[in-house]
Structures are given as structure tokens and as C-alpha cells.
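Asker:
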Amino acid sequence: MAWGDFQLVSGVVARLRLVFLSVSLLLITVMFMGYLQLGKLNKTTDDLMDASVPLFIAAQNVERNLTGLALSLQAIDNVCSLTEMSTLDDTLRGHLRMLTRDIDHLTQRQSAPDIAINMAESLDAIDTNLNHILELRRDLFGFERSISRSSLRLRENQNAIRSLLAKPPNMHSSRSGVGVSANVANPEQFTGGYASNLPQGNVITELMLRTDALVGAVTDLGRNPTLDATDRIERELRSRTQMISGLIGQIQPGSQRTILTDKLGVIDRLIFGDTGILRDALRIKALRSELDQKMSQQSILIAAISNDLGALTTVARAQVGDGIKLSGTNANQVIILLMMASLGSLLAAGVANILIVKRYINKRMSRLTTAVSAIAANESHCDVDMEADDKGGEMALALATFRHTAEELRRSNVELENFAYVAAHDLRSPLRAIQDLAEWTMKDAENQFSDDGRANMILLQSRVDRLNRLLSDLLAYSRVGKESQDLAVISLSQMVGDIQEMLDSKEKFQLSYDGTRVEVTTYATPLRQILLNLISNSIKHHDKARGTIRVSAEVCKGRLRVRVEDDGPGIDLQYHDRVFGLFQTLRPRDEVEGSGLGLAIIRKLVGHYGGTIRLSSDPKATRGSRFEFDLPAIPSAAESHDMAA
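Mapping of the sequence shown onto the UniProt record's numbering: position 506 corresponds to residue 506, and the numbering continues sequentially without gaps.
#1: Could you check which residue in P430, L460 and G570 has the C-alpha nearest to that of M442?
#2: If you drop the 5 nearest sequence neighbours on each side, which residues of the same chain put their C-beta closer than 6 Å to that of M643?
#3: Tell me which residue opens and which closes the beta strand (DSSP E) that E554 is part of.
#4: Using a 10 Å radius around the Cβ and a threshold of 16 neighbouring Cβ atoms, would you call G254 buried or exposed?
#5: Look at the alpha carbon of A59 and the alpha carbon of D139, and state the distance between them as a whole number of angstroms.
#6: Could you check what DSSP says for S196 in three-state terms: helix, strand or coil?
#7: Going by DSSP in three states, P632 sits in which element: helix, strand or coil?
#8: Closest to residue 668 by C-alpha separation, out of L531, N537, I549 and V496, would be which residue?
#9: Quick one, which of E519, E554 and F580 has its alpha-carbon nearest N533's?
#10: Three or more C-beta pairs under 8 Å: does that hold for the stretch 488-501 against the stretch 603-613?
#11: In three-state DSSP terms, what is Y513?
#12: Sorted by chain position, which residues of the same chain lie with C-beta nearer than 6 Å to L106's C-beta, five sequence neighbours on each side aside?
#13: N447 CB to nearest chain B CB: under 9 Å?
#14: Is S616 helix, strand or coil by DSSP?
#15: Return the chain-ordered list of same chain residues with a C-beta closer than 7 Å to the C-beta of R210, the five sequence neighbours on each side being excluded.
#16: For a quick check, are the C-beta atoms of L136 and L278 less than 9 Å apart?
#17: Quick check on DSSP: helix, strand or coil for Y523?
#18: To the nearest angstrom, how far is it from the Cα of R93 to the Cα of T100?
#19: Considering only the alpha carbon of each residue, which of L71, R149 and I204 lies closest to S299?
#20: State the Cα-Cα distance for the pair R546 and V564, rounded to the nearest angstrom.
#21: Taking three-plus beta-carbon pairs below 8 Å as touching, is the stretch 316-333 in contact with the stretch 61-71?
#22: Mark K263 as exposed unless 16 or more other C-beta atoms lie within 10 angstroms of its C-beta, in which case mark it buried.
#23: Out of F143, N157, M33 and R626, state which residue places its alpha-carbon closest to the alpha-carbon of V551.
#24: Taking Cβ positions, are M295 and I133 nearer each other than 9 Å?
#25: Closest to K154 by C-alpha separation, out of L346, A524, V79 and G265, would be which residue?
#26: Looking at the structure shown, is F627 part of a helix, part of a strand, or coil, going by DSSP?
#27: Within its chain, find whatever has a CB closer than 7 Å to the CB of A524; leave out the 5 residues flanking it on each side and keep chain order.
#28: Let's see if you can read the secondary structure: which residues bound the beta strand (DSSP E) around V579?
#29: Excluding the five sequence neighbours on either side, which residues of its own chain have a C-beta within less than 8 Å of the C-beta of residue 656, listed in chain order?
#30: Note down the Cα distance separating R528 from E501, rounded to an integer number of angstroms.
#31: In whole angstroms, what separates the C-alpha of I204 from that of L69?
#32: Whole angstroms is fine: what's the gap from residue 650's alpha carbon to I602's?
#33: Within this structure, are the beta carbons of A316 and L130 separated by less than 9 Å?
#34: How big is the Cα-Cα spacing for I259 and R162?
#35: So L123 packs on I305, CB below 8 Å; how close in whole Å?
#36: On the DSSP bridge list, what partners appear for E63?
Written out as C-alpha cells, the structure reads:
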């Protein structure tokens, strides 16, 4: 290496080191200043997270539990049993516990302690009020159950009166009185209100109707005990009871009249007694009025907490806004520093690119790239510039070694292919002699062989046939790329039909073609060889006596794309790469006649013409295999016209 070259290399290295040192110092300075600003930014963010985010989370929890408490309170009127009441009580207590926890957390924050204290006081009032509400609801349950029991007994007595009146009557007009109860007037006191000669059937009918009307009115009162004008309702009910008593007074004295009078007395007590329906309805009305008042107070308290929560959230938002402004200021400073560092780095890189990279490195890399391209194109005699004692020189030396290795590998491949071709060609003559000798021996001394001898001769012939096919396939593999092929106009449908006649003359397999019907210009001999091998493999490796093979093709963008599918056993995924290797078969050669070169020949042919072949098969999912490959092709004039249209 000359002294001038050494000075050039040393100068390049010094300049690069100077540029890198300058950029490094600039970056270190900017990184230090950015570190300080990022520290401020992180502190602001941490303060914001510590002050506001937990507050927002607690506020969301309060809002959620407050909503749950309000919804649970609204469900009190829909509770139908003490069991449901107990479940609702547990739910309400759970919401209160969570609200107490969250509001205590808010009270401990320094953001707005006064607001949090107001929320805690409102929550205590809600807790106290809730105890009164639950107690009132339990009392309502007791009176509602009492009304239900009284209503049931009322209907039982109504049914008893109807059954008694449905019997054949024995009545006459009478004014003799029968005692009913302390609250029911003597029946004969009210007979004057009715005609003494009223037909007895009408009396019974009137008695039934008025009894049903009385029971119906009382039942309605039991279902809706909050009706207004309770005094008026009580007067109406007593008037109806007295009318019924007067009708009973017109019935002939006897057991029937006595029973009716007793039943009317029971009805009177069920309605007007101290534990009767009317008194229970009055108590329920008072309890519900008090319950509504408590529920209104509860709604006011919940609204107060919600308003305080809104005020607390407003304070938190203001704190977040201040923190965001401060963070934005720090972030802008960091951005300015980064921009300064970027501009400085770009300036240094520009200087290095102009003074060093373009003048020296790019020139060397261009020469090395030219050498690599030449080696890739099999131009093994290209010159590689190995001057300069630097990394570029090392790369050039490695490239020269690679060129030499590639040349040796290419020469070895050529020698191996020539050897395979010569060996396969030269072995065919002695192999044919062995085959002829075996056939003559079988014909001349057929009756002189023992069974074992005859079997051995047959085995010898089959092995010679297999070796002959192997040599033929090996010759075909060696010829790929050596013999020039001319383009020819072919009909794919006719070619598939010819192959079927050759391989399956008895038509055990249904071979169909679906694709372009017009003639195509392509390499006919390689295409025929590929289709012949694929269809032959589908027939030989099929696990059934009959099967289906489908061939389809299309011309697209100057390529003939062909697909061959069958319904055979398929090829497992783990063997998809192996089947394209040399002498590879998935079944013993004694079971399937073949050399193991068919798919290798296909892949070599397709690759020689710039195409690819793909295998799709998964026996675990479905039967069959699909091979797809492509070759160069030129569509006919008719098809070109159709594609343009």
C-alpha cells in the first residue's frame, strides 16, 4: 500500500472521528439538558397523578355507588317478600360501605377537604334515614300480609254464603229479629225498607249481589289501601252491610238464617274490627305517607352528595389544567432541545456525507457493488479492487474469496451434472443387455426353473425395469436447461386427453380439464413432461381403484398458470419440502413403481423457466393434493382480444 493511500485512509478516519466526536458532544449536552427538563416533566406528572388521578377514581367510584344506592332505593316498592327485603338490605348496606370508604379517601385528600366533609355528613344522614325506611317497609309488609289473610277469609265467607243461598230456599216474609253482632243491626229493624211481599227468589238474588258487591269493594280497598276519603268509604261499607242484614231479615227463621247471620258477623269483624281490613288500610296509608316523605329526604341527600361531587370534580379539573400547562411548558423545552440536537446532527452528517462518504466511501462501495453484481451473474472473471488497508479492503478480500468459491461451486455442479448424464447414458447399454439376457433365459429355460428360481428371475426383471426407469429419469433431470426448447402453439385440453390415453387407457380415473380452451403459445415439451409426471403420480399414489383428477389452466400477465388436483390420500404437511428432493418417495419402491425423481424434475423444469411450483395438501383436514405451477405463455389472438375487452 502506497504512502499516499495510507495518508488518504488516515485522513478519512480522522475526519470521521472528528465528526462523530462533535456529534457525540452535541448529543451528550442535549441529553443532559433534556434529562433536566424531563425530570421536571416527570415531577409535574407525578404530582398530577398523585393529586388528581386518585381523586377522579374515587369520584367515579362515589358516583357509581351513589347511582347504585339510588336505584336500589327505587326498588324498595317492588319488593314482594321478606327474603327479597333482606337481599335488598344487604345491597344497600354494601353501597353505603363503599361510599363511606370512598368519601373517607376524599376527605384525606388536600384538594377540597370542606366539600368532602359535607359529603360525609350527608352520607351519615342517608344511613340514618335508610334505617327508618327499611323499618317502615317491614311494618308495611306486616299490614299487607294481614290484609291478605283477612281478604282470604272474606272470600271464604262469601263463598259460604253463596253456597248456602244456592240450596233450595224455605223462606217467607218475617219481621222476627235474629241477633247478628254488636256492629250489625238486627235484621228485622231493616225489613221495613223492603216490600214484605217481595218474591223470595228476588231476595236471594239481591242478597247474593249485595254480598258480592260488598266483598268486591273491600277487596279493592285491600289492594289499594291509599284511597282518599276513607271516612266516606267506611260509611258506604257500613251502609252495604246493613242492607245485607235487612235482606237476611226477610228469610224464614231457621238454621239457614242463623248461619247467614253468623257469616255476616264474621264479615263485619273482618272489615271493621281493630285488626280488620279497613283499620289495616288506614295504617298502611299512614306508613306509606311517612315512607314517601323519607324517600324524598333520601333523594335530597343523594342530590346534595352528587352536587358536592361535581364541585369536587371541578376543583380537580382545575388542578389538572394547571398541571397540563406546566407539563406543556417543560415538553416544549424538551422539543426545542431535540430540534437543536437534530439540526446539529444533520449538519454534521451533511458535512461527513459531502467530505467523506461521497468522495471516498461511495466510490469504493460502487466498485464492490459492481463486482457483486458480476459474480451474481456468473461473470466469475471480474476484477475485485482489494486496495486500501481498511474495512473496505477487507470486504473486497472477502468478496474475492466468495468469487473464487462461487466459481469452484459452479464448476463442481457442471462436473456433477455431466457425470450423471454420462453415467446414466453409458449404463443403459449394459442394463439393456442384462434385461434381454433375463428375457431369453426365461423363454429358453422356463420349464427348467424351480418355483424359487422363477420368482428370482421375475424379481431380477422388475429390478432391471426399475433401474432402467431410474436412468431415464436421471437423464431427463440432467438434460434440464441443456437442451433448448422452442415455443409452440398447443391445445391444453388436447394435451390432457392424450396423457389420459397414455396413462389410463381403461379410464379407471376420471381426468377432467377446466380452463382456457383456446390455443396457447408456450414451451410444449416441458409442459407435457410436467403434466405427465403430476398425473402419473396422482394415479400411482392413489389409495383407491378409481379416482378423480382435475386439471385447470389460465393465462395471466404472460404466464400460463396450471393447477392439478386429485382426491387421493394427500401428502402430510411435514413432507411438503421433502417430496421435491432427489430420489425421495413416501412409500417403499416395491409398493409404488417410481424413481423418486419425478417432482425433482418438475421443480427443475419450472425453475429453469422462471416459475414456481406449490403443493397444497393436508390429509388431516381433507383428502387430496393440489399442485400449482406457472410457465411463460403467450395467449392466442382470440384470448388476447377477450382479455382486452
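Ideal Cβ positions, reconstructed from N, Cα and C, are used throughout, including at glycine.
Answerer: Quick look at the numbers:
#1: L460
#2: Its pLDDT being 47, under 50, M643 is placed unreliably by the model, and nothing is read from it.
#3: E554 -> beta strand (DSSP E) spans G547 to C556.
#4: Flag for G254 reads exposed.
#5: 36 Å
#6: Summary for S196: the model assigns pLDDT 43, below 50, so the residue's position carries little reliability; its value from the coordinates is reported in the next sentence. Note: S196 maps to coil in three-state DSSP.
#7: Three-state DSSP puts P632 in a strand.
#8: The displayed coordinates of the chain run from 1 to 645. Any statement about residue 668 would go beyond what the structure contains.
#9: Restricting attention to E519, E554 and F580, the CA atom closest to the CA of N533 is found in F580.
#10: no
#11: strand
#12: Shown here for L106: same chain residues with a beta carbon closer than 6 Å to its own, the five before and five after excluded, namely A58 and A116 in chain order.
#13: Any reference to chain B falls outside this structure, which holds one protein chain only.
#14: strand
#15: R240, M243, I244 and L247
#16: no
#17: Residue state, collapsed to three classes: strand.
#18: Whole-angstrom Cα-Cα distance: 10 Å.
#19: L71
#20: C-alpha separation (whole angstroms): 17 Å.
#21: no
#22: buried
#23: R626
#24: yes
#25: Per the sequence presented here, residue 154 reads as Leu, with Lys not at that position. Here the closest residue by C-alpha is G265.
#26: In this structure, DSSP gives F627 an extended state, which the three-state scheme calls strand.
#27: A488 and I490
#28: Careful: V579 lies outside any beta strand (DSSP E) and carries neither H nor E.
#29: As displayed, the chain neither begins before 1 nor continues past 645, which places residue 656 out of reach and without an answer.
#30: 14 Å
#31: Each residue's Cα considered, the two are about 57 Å apart.
#32: Shown here, the chain extends from 1 to 645; a query on residue 650 therefore has no answer.
#33: no
#34: 12 Å
#35: Indeed they touch by this definition, with Cβ atoms about 7 Å apart.
#36: According to DSSP, residue pairing for E63 in a beta bridge does not occur.
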